[in-house]
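Engineer: With my numbering, letter number 108 in the sequence shown gets 97, and the count goes up by one each step, no holes.
Each residue gets a CB set at the ideal place from its N, CA and C atoms; glycine is no exception.
All values derive from a computational prediction rather than experimental measurement.
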Amino acid sequence: MNSFTYRYPVTVYFGEKAARKSLPAELEKVGKNVMLAYGGGSIKKNGVYDELMGLLAAAGKNVTEFSGIMSNPTYAKVQEGASLARENEIDFILAVGGGSVIDCCKVVSAQAKTDSDLWELETVQHGGPTEFIPMGAVVTAFGTGAEMNNGAVITNEEKKIKGALWGAFYDFAILDPAYTMTMPMSQVVSGAFDALSHCMETYMGVPRETNLSDEINEACQRNIIRNLRATLNDPQDIGARSELVWAAAMGENGMLKIGKVTDFQAHMLEHQLGAYTNCNHGQGLAVIHPVLYRHMLPEAVPQFARLAVNVWGVDPAGKAEAELANAFIDALASFIKEVGLPTTFAEMGIPTDTDYKAVADSTVLTAGCCKKFTKDELLAVLNECR
Ligand code: NZQ
Ligand code: ZN
């Protein structure tokens, strides 16, 4: 296992009525001017908005609403939120939504405190923000685990890059599985696949021998697979939903990454696909993963073979390691079909004239991936995904 330092700053309030139980005390600790940030309005249809507004009013807060945060949030939207935060002298941001709202606010919280252009500061000058507006997250869509970390995935439309900016950690995250019960089933499935992908991408990193993080990781993967099946069987199964919400958070709270350098090559490729097509994140990953893994196979036999046996329940008796490794990719691909995820870009509605060469050329090559991909081979992967 590699050396590591582990500190975890986010307080998690998990379970039924978590907002009601925890928000009043949390709101006492923060200033009067609160920004309530949310997306396209699902929280107004399912009662979450009314409940939170009631708690904010009871705490005597002045509320500024920052709404319309889109899926795959843009850098322009971040700037809009930062201006609003400055104008209204915001003391605290309450981000309510899925990964998109939660990520957008991480950068709003930093951008509101500096005149520097954060994209330039972080990606060109390799600096980082030092001051933040404190924040809390209320998760309404699980999958990304974005509430658990301080990385934000933001689309810079001008530069055609969907990349990571570092922002603040949330002071607390409220995870009430009941809040996720109104998610469209397609988003439940793509969120769960995103969570599975985070586990796989972490598992496939360095060192390649199993360590404790990987053994916990295998349990998370089994849990996601089992509970997604249970959820498809009974969408009202709150027990299964609760497991998925926490498994997704486990994927991104750093625990599985302890002592490892992660892979995340599939994510880097999908993010750039998103920069060019604004596609759904989990669906993009579902198409890319099996194809990318077939390219990685020669370099990844021991890890893939372990996943076949320890996660997918393939019987190892009489099978060579290479056969097991192939069985893992076959099991993953058939699960993707079973849960109704797309298997080609065409099924996702991605236009046929997408500039895949530009997508491949702008993709980051990751340090933890067992295969050193070239841009040409990534282009081949994308072409096989069409
Ligand atoms: O905008 P509203 O109206 O709220 O609707 C949203 C949105 O359309 C809807 N939704 C959310 N909660 C709901 C609900 N609909 C009904 N009932 C509810 N309770 O769900 C749709 C998708 O939401 P979004 O936040 O876009 O999805 P997701 O959570 O998958 O987030 C995707 C973003 O997170 C990034 C992705 O790249 C993408 O930009 N990621 C962030 C990560 C991180 N920070 O750690 C890691 C991931 O790998 C990922 O890259
Ligand atoms: Zn992801």
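Taking 7 angstroms as the cut-off, does the CB of residue 325 come closer than this to any heavy atom belonging to the ligand NZQ?
Structural biologist: Mapped onto the sequence shown, residue 325 falls at position 336. No.
Engineer: Cβ of residue 96 versus every heavy atom of the ligand NZQ: is any distance shorter than 7 angstroms?
Structural biologist: In the sequence shown, counting from the first residue as 1, residue 96 sits at position 107. Result no, Cβ not under 7 angstroms from the ligand NZQ.
Engineer: Can residue 39 be considered in contact with the ligand ZN, in the sense that its beta carbon sits closer than 7 angstroms to one or more heavy atoms?
Structural biologist: Reading the sequence shown from its first residue, position 50 is the one you call residue 39. No, the ligand ZN has no heavy atom inside 7 angstroms of this Cβ.
Engineer: How would you label residue 299, buried or exposed, when you count the other beta carbons within 10 angstroms and need 16 or more for buried?
Structural biologist: Residue numbering aside, residue 299 sits at position 310 when the sequence shown is read from its first letter. Residue 299 is buried by the Cβ-count criterion.
Engineer: What number of angstroms, rounded off, separates the C-alpha of residue 371 from the C-alpha of residue 354?
Structural biologist: Reading the sequence shown from its first residue, position 382 is the one you call residue 371. Reading the sequence shown from its first residue, position 365 is the one you call residue 354. For residue 371 and residue 354, the distance between alpha carbons rounds to 15 angstroms.
Engineer: Determine which residues share a DSSP beta bridge with residue 82 and list them.
Structural biologist: Mapped onto the sequence shown, residue 82 falls at position 93. In the DSSP output, where bridge partners are listed per residue, residue 82 has 24 and 124.
Engineer: Which residues does DSSP list as the beta-bridge partners of residue 151?
Structural biologist: Residue 151 sits at position 162 when you count from the first residue of the sequence shown. Beta-bridge pairing links residue 151 to 144.
Engineer: Helix, strand or coil for residue 53, going by three-state DSSP, please let me know.
Structural biologist: As a position in the sequence shown, residue 53 is number 64, starting the count at 1. Of the three classes helix, strand and coil, the one that applies to residue 53 here is strand, per DSSP.
Engineer: In this structure, how does DSSP classify residue 290 when only helix, strand and coil are distinguished?
Structural biologist: Along the sequence shown, read from residue 1 onward, the residue named residue 290 stands at position 301. Residue state for residue 290 is assigned as helix, using DSSP reduced to three classes.
Engineer: Do you know offhand how far residue 347's Cα is from residue 178's?
Structural biologist: By one-based count along the sequence shown, residue 347 stands at place 358. By one-based count along the sequence shown, residue 178 stands at place 189. Those two C-alpha atoms are separated by around 29 angstroms.
Engineer: So, does the region 78 to 97 touch the region 120 to 130, judging by three or more C-beta pairs under 8 angstroms?
Structural biologist: A contact between stretches requires three or more CB pairs, one per stretch, nearer than 8 angstroms, and the region 78 to 97 meets this requirement with the region 120 to 130.
Engineer: Can you check DSSP and say which residues form a bridge with residue 367?
Structural biologist: Your numbering for residue 367 matches position 378 in the sequence shown. Beta-bridge pairing links residue 367 to no other residue.
Engineer: Do residue 245 and residue 233 count as a contact pair if the criterion is CB distance below 8 angstroms?
Structural biologist: Position 244 of the sequence shown, counted from the first residue, corresponds to residue 233. Position 256 of the sequence shown, counted from the first residue, corresponds to residue 245. No, Cβ-Cβ distance for residue 233 and residue 245 is not below 8 angstroms.
Engineer: Are there any heavy atoms of the ligand NZQ lying less than 7 angstroms away from the beta-carbon of residue 92, as far as the coordinates show?
Structural biologist: The sequence position of residue 92 within the sequence shown is 103, counting from 1. Checking the Cβ of residue 92 against the ligand NZQ gives yes.
Engineer: Return helix, strand or coil for residue 220, following the three-state DSSP convention.
Structural biologist: Numbered from 1 along the sequence shown, position 231 holds the residue referred to as residue 220. If DSSP states are grouped into helix, strand and coil, residue 220 belongs with the helices.
Engineer: Could you tell me whether the Cβ atoms of residue 28 and residue 99 are closer together than 8 angstroms?
Structural biologist: Taking the first residue of the sequence shown as position 1, residue 28 is located at position 39. Taking the first residue of the sequence shown as position 1, residue 99 is located at position 110. No, the pair does not count as a contact, with Cβ atoms beyond the cut-off.
Engineer: Can you determine whether any heavy atom of the ligand ZN sits closer than 7 angstroms to the C-beta of residue 183, and answer yes or no?
Structural biologist: Within the sequence shown, numbered from 1, the residue matching residue 183 stands at position 194. Yes, since a heavy atom of the ligand ZN falls inside the 7 angstroms radius drawn around the Cβ of residue 183.
Engineer: Cβ atoms of residue 133 and residue 194: under 8 angstroms apart, would you say?
Structural biologist: Locating residue 194 in the sequence shown gives position 205, counting from the first residue. Locating residue 133 in the sequence shown gives position 144, counting from the first residue. Against a cut-off of 8 angstroms, the Cβ pair of residue 133 and residue 194 comes out as no contact.
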